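Each residue of the sequence shown is one higher than the one before, starting from 15 at the first, in our numbering. All remarks here apply to the structure that follows.
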Amino acid sequence: MTPTTSTALLCIDFINEIVDAKGKLAGKGYAEFAQRHETLDNVASLIDFVRTAGGLIIGVRLGFSSDYREQPEASPLFGQAKKFGALQMGTPATDFHAKLSFRPDDVTLWKHRVSAFFGTPLDLILRNRGIRDVLISGVATDLAVQAGARDAHDRDYRVTVISDACAAANDDDHEQSLRLLEKVAKIQTLAETM
15 MTPTTSTALL
25 CIDFINEIVD
35 AKGKLAGKGY
45 AEFAQRHETL
55 DNVASLIDFV
65 RTAGGLIIGV
75 RLGFSSDYRE
85 QPEASPLFGQ
95 AKKFGALQMG
105 TPATDFHAKL
115 SFRPDDVTLW
125 KHRVSAFFGT
135 PLDLILRNRG
145 IRDVLISGVA
155 TDLAVQAGAR
165 DAHDRDYRVT
175 VISDACAAAN
185 DDDHEQSLRL
195 LEKVAKIQTL
205 AETM
């Protein structure tokens with residue numbers, strides 16, 4: 015698929031807390047996976063390619079206010095964020111990783127749950143811009159990528175997950191998620207996209 019002006023690239027949760035070796039979630043394996051698979055380099059190349067083709071670049075990042083009012087305390091995934099001071103908006107931890115460059119004309123959004131669509135204006139932005147095709151890159155493949163792809167599918171977008179522009183805690187989670195996503199999205203590599 016060649017990106018056009020009706021294409022948007024979602025770059026989900028490539029924040030320091032998750033994909034930098036010094037992030038509080040580095041122990042989960044995401045940073046090591048991204049380094050081993052050159053995920054961030056692939057995402058940077060993908061951003062440049064889609065931008066040059068006239069597509070919309072959207073950076074989505076997870077974060078909570080300093081008082082953690084948006085944090086779902088009962089969540090097995092996010093319930094301990096306040097206790098550990100993790101994922102706090104307005105700190106370097108929730109900045110996009112330095113390898114990824116977002117420009118003023120790109121869209122950047124905050125989210126407080128797994129899906130990039132939940133509680134955000136993402137769908138409205140896509141529809142207002144006339145987007146029909148959504149390319150997805152992100153971390154983790156089995157969480158934010160899967161949730162975003164399914165939500166985009168259910169909103170009638172044509173969804174493509176760029177497999178080597180996604181990261182997970184380990185290879186098994188990544189590969190298993192991609193197999194499941196084949197039911198709702200096209201799966202292709204960066205080389206196949208470019």
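Where a beta carbon is used, it is the ideal one built from N, C-alpha and C, also for glycine. Only a predicted model underlies this, so the values are computations on that prediction, with no experimental measurement involved.
Which residue or residues does DSSP assign as beta-bridge partners of residue i?
i: Gly73; result: Cys25, Thr122
i: Lys200; result: Thr174
In three-state terms, what does DSSP make of residue i?
i: Lys36; result: coil
i: Leu149; result: strand
i: Ala179; result: strand
i: Arg193; result: helix
i: Thr18; result: coil
i: Asn30; result: helix
i: Thr134; result: coil
i: Gly162; result: helix
Flag this pair as yes or no: are the beta carbons of residue i and residue j separated by less than 9 Å?
i: Gln49; j: Ser80; result: no
i: Ala183; j: Leu76; result: no
i: Ile176; j: Leu60; result: yes
i: Arg169; j: Phe132; result: no
i: Leu136; j: Leu24; result: yes
i: Leu91; j: Val128; result: yes
i: Ala161; j: Ala199; result: no
Can at least three beta-carbon pairs, one atom from the segment 135–146 and one from the segment 35–49, be found at a separation below 8 Å?
-> no
Determine, using beta-carbon pairs with one atom in the segment 91–106 and one in the segment 146–154, whether at least three such pairs fall under 8 Å.
-> With the cut-off at 8 Å, the segment 91–106 and the segment 146–154 do not touch.
4-residue-minimum alpha helix (DSSP H) runs that sit fully inside the segment 46–122, ordered along the chain | Under the rule that a run must span 4 or more residues, the alpha helix (DSSP H) segments found entirely inside the segment 46–122 read 53–66, 95–98.
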